[in-house]
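Residue numbers (the UniProt record's numbering): 1 to 141. We treat Cβ as the ideally placed atom computed from N, Cα and C, and that holds for glycine. Fair warning: this is a prediction, and the values are worked out from it, not measured in the lab. Working notes for the structure below.
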């Protein structure tokens, strides 16, 4: 199975194309692979899979998203690699719009506030994304 290949480059390539492989089989067959790639030890694999999160949301639906994908997203929000955290931060507005204000307030609001205190937020791009996340939080209440 490619998702457990010893080469990070193979796993990274899989992560970048997984949603185009078999959209109809995503929930049963691809979602477990998708979740395992989100936890890969190499940041490039995680970044490639994060770039496909919007496509996953369209296929699996809100209920399954909140049950299976959200815990992985919360874990990635605290990733030790700033590029992974940045990718998740940039994904949050889309996620919040799909899950709704109440869910955002309950599950993601505190996380967005935590990003504003991120020591790596001195990086301009990450700081800018953190601030836009804060603006999202303010706009949603």
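Give every residue of the same chain whose Cβ lies closer than 7 Å to the Cβ of residue 36, excluding the five residues on either side of it in the sequence, and list them in chain order.
-> 3
Endpoints, alpha helix (DSSP H) assigned at residue 61 = 53-64
Return the Cβ separation of residue 47 and residue 74 in integer angstroms, given the expectation that the two are a contact with Cβ distance under 8 Å.
-> Not really, about 17 Å apart at Cβ, beyond 8 Å.
Determine the direct distance from the alpha carbon of residue 66 to that of residue 95, and round the result to whole angstroms.
-> 10 Å
Alpha-carbon to alpha-carbon, residue 81 and residue 109 | 21 Å
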